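Structure first, commentary second.
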Amino acid sequence: MRNPLTSVQMLVQMVRDRLRREPGMATEAGYAEVVLREVARVELVVQDLLDLARPRPVQPRACDLEAVVAEVMALMEQQLTHQGITLSRATEGHPLPLVADPERLKQLLLNLLLNGAAAMAAGGRLSVMSRWPAGGGSVEVAVLDTGRGIDPAKVESLFEPFTGENPTTTGIGLAVSRQIARDHGG
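Quick note: the sequence shown, position 36, residue 339 per this note's numbering, numbers continuous.
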């Protein structure tokens with residue numbers, strides 16, 4: 304699935320770039336951007352399915368959690384704004400260095416933001432908070448939404464693949480996110 308998606312992505316990027324150079328084609332270039340974002344979402348679903356079938360090993364290296372969060376938020380901001388969702392970030396205002404797999408952390412955060420957005424059909428607010436706890440220990444990251452909440456009867460199966468309530472999602476994002484968190488000691 305990745306090869307066809309890569310081909311689609313490259314062709315749409317070429318079309319978008321050409322449209323950007325043409326006077327009066329800004330709207331059409333914007334449509335190409337939407338297609339590129341949707342291709343990225345399909346790639347995320349494909350990666351989630353692959354991770355369920357055969358989890359990738361974590362490849363830890365020195366990284367800055369704040370930079371990871373900023374990148375994910377930049378990726379999601381336009382889509383969330385279009386859905387009427389306000390995205391905010393609470394941070395300590397300085398880098399949060401840690402040893403982790405930044406690509407897997409991005410996947411985890413994207414899954415959580417998409418899950419939160421799916422819970423807010425009529426818009427709302429998504430917040431990402433990250434900090435080191437006062438007494439030291441592991442970094443804490445929280446994704447909060449103003450969605451409908453979780454049905455108490457479904458809490459037990461929340462992290463089971465393919466059990467989500469939303470018909471527009473795959474129901475695997477939380478299962479993959481939990482595994483990524485566990486792989487990082489969370």
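All C-beta atoms in this analysis are idealised placements derived from N, C-alpha and C, irrespective of residue type, glycine included.
Keep in mind it's a predicted model, so treat the numbers as computed, not measured.
Looking only at its chain, what residues have a beta carbon closer than 6 Å to the beta carbon of residue i, apart from the 5 residues adjacent to it on each side?
| i | result |
| --- | --- |
| Asp404 | Val361, Gln362 and Pro363 |
| Ala329 | none |
| Arg319 | Ala332 and Ala335 |
Can you give me the C-alpha to C-alpha distance between residue i and residue j, rounded to a whole angstrom?
| i | j | result |
| --- | --- | --- |
| Ala445 | Cys366 | 18 Å |
| Ala456 | Arg321 | 52 Å |
| Leu308 | Met317 | 14 Å |
| Ala335 | Ala437 | 45 Å |
| Pro274 | Glu443 | Beyond the ends of the chain as shown, which are 304 and 489, falls residue 274; an answer cannot be given. |
| Leu485 | Leu408 | Note on residue identity: the sequence assigns Arg, not Leu, to residue 485. C-alpha separation (whole angstroms): 11 Å. |
| Val337 | Val345 | 12 Å |
| Gln381 | Val431 | 16 Å |
| Thr389 | Ala377 | 13 Å |
| Val349 | Asn306 | 12 Å |
| Leu416 | Arg451 | 15 Å |
| Arg324 | Glu374 | 26 Å |
| Pro326 | Leu347 | 33 Å |
| Leu480 | Asn414 | The sequence given here places Ser at residue 480; Leu does not occur at that position. If you take the alpha carbons of Ser480 and Asn414, they lie about 7 Å apart. |
| Gly488 | Val402 | 11 Å |
| Gly400 | Phe465 | Here residue 400 is Pro; the residue named in the question, Gly, does not match the sequence. Roughly 34 Å separates the two Cα atoms. |
Would you mind sorting residue i into buried or exposed? The rule is 16 or more other CB atoms within 10 Å of its CB.
| i | result |
| --- | --- |
| Met379 | buried |
| Leu461 | exposed |
| Arg392 | exposed |
| Gly476 | buried |
| Gly396 | exposed |
| Ala356 | exposed |
| Ser441 | exposed |
| Asp454 | exposed |
| Val458 | exposed |
Per DSSP, residue i forms a beta bridge with which residues?
| i | result |
| --- | --- |
| Ile388 | Gly427 |
| Glu443 | Arg434 |
| Arg364 | Ala403 |
| Ala393 | Met432 |
| Asp448 | Leu429 |
List the whole-angstrom C-beta distance separating residue i from residue j, where the pair is believed to meet the contact cut-off of C-beta under 8 Å.
| i | j | result |
| --- | --- | --- |
| Leu383 | Leu429 | 6 Å |
| Ala422 | Asp448 | 6 Å |
| Ser433 | Glu369 | 7 Å |
Excluding sequence positions up to five away, which residues of its chain have a Cβ less than 7 Å from the Cβ of residue i?
| i | result |
| --- | --- |
| Glu463 | Ala478 |
| Asn418 | Gly476 and Leu477 |
| Gly427 | Ile388, Asp448, Thr449 and Gly450 |
Give every residue of the same chain whose Cβ lies closer than 8 Å to the Cβ of residue i, excluding the five residues on either side of it in the sequence, and list them in chain order.
| i | result |
| --- | --- |
| Val276 | The structure shown does not extend to residue 276, since the chain is modelled only from 304 to 489, so the question has no answer here. |
| Gln482 | Asp354 and Pro358 |
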